[in-house]
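Heads up, the thing below is written out as structure tokens.
Protein chains in written order, with this note's numbering: chain L, 256 to 458; chain F, 112 to 251.
Here is the structure:
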């Protein structure tokens, strides 16, 4: 029990030491990013979801080093994760807390997957998905398919890839679609082997 | 039966056309079509007066810009020249000002939505519901 208290405390301490940005600016910037991508891909919602995930991936691969470096600098020791539960706790309590300042809970833990619950999401504070009018019928895009915060899935996938965990990440519940909480499901596909590729093996 | 019916019309007008409208009727008797069309006509003719006051009056709330028979048009002008107009018969200035300020807050929140493009029709059901609640509270 004390280990999870340590992790939560580490998260709060790291959040206190990171430089902050205005929430509204952050949300509005992300909103414009979404509308730009929508325009680029001609309102093709599934393509937009894929692009968001890809952008998140590039962010995620840098996040792990950032997290470990910041904690070293601040004298906080994050012990190596021995199982999936500890990995999930670190992502939720330290990762989300440190980078976004939000509270994130872990749930539905099995030995190959877990869920992350976000009650508050700084990205969608002003957002309301456009309603589909009846007369448009099938011509307008299906806004319910848009995974507005899909960037988080990419970040988690990218970050875990750096620590040799290949995962699949997706949004199963979204407050913009009417659910009470945001839920991200993370499934571990495989644990990658340590080390560099074949070319670097010694003869 | 000379019951003063005082239907109230609230319009949000953008650069070129109305973006949102809602009617508040105090008694449940439905007004006939011709009366409602006349209301829109009165509002339209008040637009010129709004433009006249826009650059001379320092406040956003322009109070009453026009008076036709017993009906008055009061206008609130936002920084981006979106006009909130209310057609009424003798509501107090303070009450209208409060109504306009609250609608302005709702409008600002709506415009922060990345999916709402400036100067387009307002189709959000949430916005509509909230404006109706405000209208019931302040204008009736």
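Note that the Cβ used here is the ideal one computed from N, Cα and C, for glycine as well.
Contacts of residue i in chain L (Cβ-Cβ under 7 Å)
| i | result |
| --- | --- |
| residue 220 of chain F | 381 |
Under 7 Å between C-beta atoms of residue i and residue j
| i | j | result |
| --- | --- | --- |
| residue 335 of chain L | residue 269 of chain L | no |
| residue 418 of chain L | residue 311 of chain L | no |
| residue 441 of chain L | residue 367 of chain L | no |
| residue 426 of chain L | residue 439 of chain L | yes |
| residue 385 of chain L | residue 226 of chain F | yes |
| residue 437 of chain L | residue 376 of chain L | yes |
| residue 351 of chain L | residue 224 of chain F | no |
| residue 305 of chain L | residue 293 of chain L | no |
| residue 399 of chain L | residue 428 of chain L | no |
| residue 329 of chain L | residue 272 of chain L | yes |
Buried versus exposed call for residue i [16 or more other C-beta atoms within 10 Å across all chains shown]
| i | result |
| --- | --- |
| residue 238 of chain F | buried |
| residue 182 of chain F | buried |
| residue 166 of chain F | exposed |
| residue 391 of chain L | Caution is warranted here: a pLDDT of 49 is assigned to residue 391 of chain L, below 50, making its placement in the model unreliable, and the coordinate value is therefore given only provisionally. When all chains shown are included, residue 391 of chain L counts as exposed. |
| residue 154 of chain F | buried |
| residue 415 of chain L | buried |
| residue 389 of chain L | Caution is warranted here: a pLDDT of 49 is assigned to residue 389 of chain L, below 50, making its placement in the model unreliable, and the coordinate value is therefore given only provisionally. Per the 10 Å Cβ criterion, exposed. |
| residue 177 of chain F | buried |
| residue 170 of chain F | exposed |
| residue 199 of chain F | buried |
| residue 224 of chain L | Here chain L covers residues 256 to 458 and nothing more, so residue 224 of chain L does not appear. |
| residue 287 of chain L | exposed |
| residue 187 of chain F | buried |
| residue 150 of chain F | buried |
| residue 280 of chain L | exposed |
| residue 112 of chain F | Residue confidence for residue 112 of chain F is low, a pLDDT of 35 falling below 50, so the modelled location carries little weight and cannot support an answer. |
| residue 363 of chain L | exposed |
| residue 342 of chain L | buried |
| residue 402 of chain L | buried |
| residue 152 of chain F | exposed |
| residue 337 of chain L | exposed |
| residue 264 of chain L | exposed |
| residue 282 of chain L | buried |
| residue 247 of chain F | exposed |
| residue 355 of chain L | buried |
| residue 115 of chain F | For residue 115 of chain F, the predicted model reports a pLDDT of 48, less than 50, meaning its position is unreliable and no value from the coordinates is stated. |
| residue 184 of chain F | buried |
| residue 276 of chain L | exposed |
| residue 361 of chain L | buried |
| residue 313 of chain L | exposed |
| residue 156 of chain F | exposed |
| residue 448 of chain L | exposed |
| residue 326 of chain L | buried |
Proximal chain L residues relative to residue i, where beta-carbon distance stays under 8 Å
| i | result |
| --- | --- |
| residue 237 of chain F | 383 |
Proximal residues of chain F, C-beta to C-beta of residue i below 8 Å
| i | result |
| --- | --- |
| residue 386 of chain L | 234, 235 and 236 |
Whole-Å CB distance - residue i paired with residue j, under 8 Å assumed
| i | j | result |
| --- | --- | --- |
| residue 119 of chain F | residue 197 of chain F | 7 Å |
| residue 202 of chain F | residue 245 of chain F | That belief does not hold up - the Cβ atoms of residue 202 of chain F and residue 245 of chain F are roughly 13 Å apart, past 8 Å. |
| residue 315 of chain L | residue 413 of chain L | 2 Å |
| residue 235 of chain F | residue 383 of chain L | 6 Å |
| residue 404 of chain L | residue 378 of chain L | 5 Å |
| residue 214 of chain F | residue 242 of chain F | 6 Å |
| residue 130 of chain F | residue 231 of chain F | 7 Å |
| residue 204 of chain F | residue 163 of chain F | Wrong, their Cβ atoms sit about 19 Å apart, outside the cutoff. |
| residue 211 of chain F | residue 172 of chain F | 6 Å |
| residue 397 of chain L | residue 300 of chain L | 6 Å |
| residue 308 of chain L | residue 408 of chain L | 5 Å |
Partner residues on chain F for residue i, Cβ-Cβ distance less than 9 Å
| i | result |
| --- | --- |
| residue 287 of chain L | 225 |
| residue 283 of chain L | 223 and 225 |
| residue 290 of chain L | 225, 226 and 228 |
Partners in chain F for residue i, counting only beta-carbon separations shorter than 7 Å
| i | result |
| --- | --- |
| residue 431 of chain L | Simply none; closest approach about 10 Å. |
Would you call the region 118–133 of chain F in contact with the region 173–193 of chain F, where contact means no fewer than 3 C-beta pairs closer than 8 Å?
Because the criterion of three Cβ pairs below 8 Å is met, the region 118–133 of chain F and the region 173–193 of chain F touch.
At least 3 beta-carbon pairs within less than 8 Å: the region 336–347 of chain L vs the region 360–375 of chain L:
They touch, by the three-pair rule.
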